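In this note's numbering, the protein residues as written are 2 to 227. Ideal Cβ positions, reconstructed from N, Cα and C, are used throughout, including at glycine. The model shown is predicted, which means the values in this text are computed figures rather than measured ones. Okay, so here's the structure we're looking at.
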Amino acid sequence: MQVVLEASGLEKVYLSGDNKTHAVREMSLSIGSGESVAITGPSGCGKTTLINLLGLVIRPTQGQLLIDSVDSATLTPKQRARHRNQVFGYVVQDFALIEDLTAYHNVEIPLLYRQKRGRAKDKKGLILAALDQVGLKGKEFVKAKNLSGGERQRVAIARAIVNSPRVILADEPTGSLDSKSAKEIMGLLHSLVHAGKTLVLVTHDQALADQCSRQIRMADGMAVNS
Ligand SMILES: Nc1ncnc2c1ncn2[C@@H]1O[C@H](COP(=O)(O)OP(=O)(O)OP(=O)(O)O)[C@@H](O)[C@H]1O
Ligand SMILES: [Mg+2]
């Protein structure tokens, strides 16, 4: 199995005023292509911080992160941005939809960055296919603020997959959903894994974690098993 993400000794310390929070410590892990890995642990243990490190959203205070065997510290800002846009599809914890935009226009956002380099062919087709894939046919032109929680979650997933990323990072993608919608969203994420994607899923829900091929349990910034 090809290793996509390999972290060794990752540390993240947040400094704000006199406050120092050691959010991630001594984190070493290796994630292979096509794996589904659940990150679990209590609130505040560092799960979002870890997924932000893996997705190049923030930089580690210490330690090394290899992406496809390339040390992420050696990437230029442009390469980092390209990885964020094309290697990873990130479903963030609070969905972060633009409320006044329609589902269609929210899903378009990652393609706008990509299109600057003239790579997004048939943009409209890609957006409609992503929305169809998450079961939002017929809701394409409804504004995000008028969609239900489950539908908003689907828009966030469509936005994360529209660029055909190899790795899907999903932070509590079912956090605010009832069990039926949660099951559907998880079915969707696992169908992406079956299609060859790699999934890193943050969840509080042990039943969802159990559906993944592997679990990393965190406590106080550290992995307590893997
Ligand atoms: N930008 C930041 N600046 C300062 N401290 C932060 C920042 N982001 C997170 N923290 C702190 O780092 C620790 C880990 O936070 P993180 O968001 O990674 O936890 P989490 O496991 O995702 O929690 P939850 O399950 O509630 O989402 C917490 O103590 C949090 O207050
Ligand atoms: Mg979190």
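* To do: Whole angstroms is fine: what's the gap from P7's alpha carbon to I68's?
  => Here residue 7 refers to the residue found at position 6 of the sequence shown. Here residue 68 refers to the residue found at position 67 of the sequence shown. According to the sequence provided, residue 7 is Glu. The question's Pro does not apply to it. Roughly 7 Å separates the two Cα atoms.
* What are the boundary residues of the alpha helix (DSSP H) that includes D211? -> Along the sequence shown, one-based indexing puts residue 211 at 210. It spans Q207 to D211 - the alpha helix (DSSP H) in which D211 sits, taken as one unbroken run.
* Asked: Is the closest heavy atom of ligand 1 to the C-beta of C213 under 7 Å?
  -> The count along the sequence shown starts at 1 and reaches residue 213 at position 212. No.
* Compute every distance between the C-beta of D221 and the non-hydrogen atoms of ligand 2, then say whether any falls below 7 Å. => Taking the first residue of the sequence shown as 1, we reach residue 221 at position 220. No, Cβ of D221 sits at least 7 Å from all heavy atoms of ligand 2.
* State yes or no: is the C-beta of Q80 nearer than 7 Å to some heavy atom of ligand 1? => Indexing the sequence shown from 1 puts residue 80 at position 79. Checking every heavy atom of ligand 1 against the Cβ of Q80, none is found closer than 7 Å.
* Asked: Are there 16 or more other CB atoms within 10 angstroms of the CB of T77, so buried, or fewer, so exposed?
  -> Here the question's residue 77 lines up with position 76 in the sequence shown. Counting Cβ neighbours within 10 Å, T77 comes out exposed, since fewer than 16 surround it.
* In the structure shown, what three-state DSSP assignment does N226 receive? -> Taking the first residue of the sequence shown as position 1, residue 226 is located at position 225. Here N226 sits in strand by DSSP.
* Who sits around ligand 2, taking every residue whose Cβ is closer than 7 Å to one of its heavy atoms? -> K48, T49, Q94, D172, E173 and V203
* To do: Following the continuous alpha helix (DSSP H) through E152, name the residue where it begins and the one where it ends.
  => The count along the sequence shown starts at 1 and reaches residue 152 at position 151. Start and end: G150 to I162.
* **G126 - DSSP class collapsed to helix/strand/coil** => In the sequence shown, the residue the question calls residue 126 occupies position 125. Note: G126 maps to helix in three-state DSSP.
* Take every Cβ of the region 137-150, pair it with every Cβ of the region 187-206, and state whether three or more of those distances are shorter than 8 Å. => no
* To do: Pull up the DSSP beta-bridge partners for H23, would you.
  => The residue labelled residue 23 in the question sits at position 22 within the sequence shown. Per DSSP, V14.
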